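Engineer: Anchor point for the sequence shown: position 180 equals 180 in UniProt numbering, and the numbering is continuous, going up by one each time.
In this text, a Cβ means the ideal position worked out from N, Cα and C, and glycines have one as well.
Quick caveat: nothing in here was measured; it's all calculated off a predicted structure.
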Amino acid sequence: MIVLFTDFGLHGPYTGQMKAVLHQMAPGIPAIDLFSDAPVGNPKASAYLLVAYAEWFPAGTVFLCVVDPGVGGTRPSVIVEADGRWYVGPGNGLFELIQRRAAKTLSWDIDWRPERLSASFHGRDLFAPVAAMLARGEPPPGRPRLDEADRRRDWPEDLAEIVYIDHFGNAMTGLRAARLPAGARLAAADRLLEAATTFSDRPPGTAFWYENSNGLAEIAVNQGRAGGELGLVIGSPVEIVL
């Protein structure tokens, strides 16, 4: 399958145009919309989100990833193979955590170019065709990468910030819950939050943190919206309190 991970939003033509390319070039291969609302123009926050969700997909999956504030600039266009999964997109750090946590990883520069490459929509004109090629079983259309312009080795192993706020107002952090000390509390937006297993463990209106279904520490309010009630946004800092 081909999995889309973008910051395009739910309105406008962009996702539809990319899926049209996939349908033409890789007919019969399902295209799954994973995220259309990844952190806008924020490859760093998106990297911690992508790595948490990618592991639920089988080897052979092709991830078409576009969080690309530098489109048309000097950032490279890359393919990454990590633990049997393929990732296509901008080399701006978006795949840093994928590469770092994989047991085996390889990467390529994308040398292939279409007849027409717009300056501002590489998702449609470059990345979608390459994703279709990989999904058809073709080899990467490029050379192995020889530099590390796409890497961000200074980024932390876990990101103590809000990286996503979902439809229900729950605020995901870039922290893996399993790596937090037992009994740890989280401080965010001048609130000290105790851990819980699930929503019903706390009275209605109570804010807390818990391990979400993808292993991330997530801040929530039982029967409420943590993002709005606590004033959390993408990038809001989170502190681990012992």
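Any idea what DSSP makes of Ile29, helix, strand or coil?
Structural biologist: Against the sequence shown, residue 29 aligns to sequence position 29. Coil at Ile29, not helix or strand.
Engineer: Can you name, in chain order, every residue of its own chain whose Cβ lies under 6 Å from the Cβ of Arg225, other than the five neighbours on each side?
Structural biologist: Counting from one through the sequence shown, the residue named residue 225 turns up at place 225. Excluding positions up to five away in sequence, the list reads Gly169.
Engineer: Measure from the alpha carbon of Ile234 to the alpha carbon of each residue in Ala26, Arg176, Ser46, then state which is nearest.
Structural biologist: Position 234 of the sequence shown holds residue 234. Measuring from the Cα of Ile234, the nearest candidate turns out to be Ser46.
Engineer: Anyone know if the C-beta pair for Arg191 and Ala207 falls short of 8 Å?
Structural biologist: Locating residue 191 in the sequence shown gives position 191, where the first residue counts as 1. Locating residue 207 in the sequence shown gives position 207, where the first residue counts as 1. Yes.
Engineer: When you compare only the Cα positions, how much space is there between Leu175 and Glu115?
Structural biologist: Residue numbering aside, residue 175 sits at position 175 when the sequence shown is read from its first letter. Residue numbering aside, residue 115 sits at position 115 when the sequence shown is read from its first letter. C-alpha separation (whole angstroms): 43 Å.
Engineer: How many Å lie between Gly183 and Pro156 at the Cα?
Structural biologist: Position 183 of the sequence shown, counted from the first residue, corresponds to residue 183. Position 156 of the sequence shown, counted from the first residue, corresponds to residue 156. Those two C-alpha atoms are separated by around 22 Å.
Engineer: Among Asn42, Ala195, Leu64, whose alpha-carbon lies nearest the alpha-carbon of Val21?
Structural biologist: Translated into positions along the sequence shown, residue 21 becomes position 21. For Val21, the nearest C-alpha among the options comes from Leu64.
Engineer: Find out if the Cβ-Cβ distance for the pair Ile2, Ala26 is shorter than 8 Å.
Structural biologist: Your numbering for residue 2 matches position 2 in the sequence shown. Your numbering for residue 26 matches position 26 in the sequence shown. For Ile2 and Ala26, yes; Cβs fall inside 8 Å.
Engineer: Once you ignore the five residues that flank residue 243 on each side, which residues in its own chain have a CB closer than 7 Å to its CB?
Structural biologist: The structure shown does not extend to residue 243, since the chain is modelled only from 1 to 242, so the question has no answer here.
Engineer: Among the residues of its own chain, which have a CB less than 7 Å from the CB of Ala54, if the five just before and after it don't count?
Structural biologist: Here residue 54 is taken as the residue at index 54 of the sequence shown, counted from 1. Closer than 7 Å at Cβ, skipping near neighbours: Phe63, Arg85, Ile98.
Engineer: For Gly28, which of Ala132, Glu211, Ile110 has the nearest alpha-carbon?
Structural biologist: The sequence position of residue 28 within the sequence shown is 28, counting from 1. Among Ala132, Glu211, Ile110, the Cα nearest to that of Gly28 belongs to Ala132.
Engineer: Name the two residues that bound the continuous alpha helix (DSSP H) containing Ile98.
Structural biologist: For the purposes of this step, residue 98 is identified with residue 98 of the sequence shown, where counting begins at 1. Its alpha helix (DSSP H) spans residues 96 to 101.
Engineer: Taking the alpha carbon of Trp112 as the point to measure from, which residue in Pro141, Ala102, Leu106 has its own alpha carbon closest?
Structural biologist: Translated into the one-based positions of the sequence shown, residue 112 becomes position 112. Considering only alpha carbons, the answer is Pro141.
Engineer: Please classify Pro43: is it buried, with 16 or more other beta-carbons within 10 angstroms of its beta-carbon, or exposed?
Structural biologist: Taking the first residue of the sequence shown as position 1, residue 43 is located at position 43. Buried, by the Cβ-count rule.
Engineer: In the DSSP output, what is Trp108 paired with across the bridge?
Structural biologist: Residue numbering aside, residue 108 sits at position 108 when the sequence shown is read from its first letter. Under DSSP, Trp108 takes part in a beta bridge, and its partners are Ile79, Pro144.
Engineer: With a Cβ-Cβ cutoff of 8 Å, do Val159 and Tyr48 count as a contact?
Structural biologist: Position 159 of the sequence shown, counted from the start, is the residue given in the question as residue 159. Position 48 of the sequence shown, counted from the start, is the residue given in the question as residue 48. Checking the sequence shown, residue 159 turns out to be Leu, not Val. Yes, Cβ-Cβ distance for Leu159 and Tyr48 is below 8 Å.
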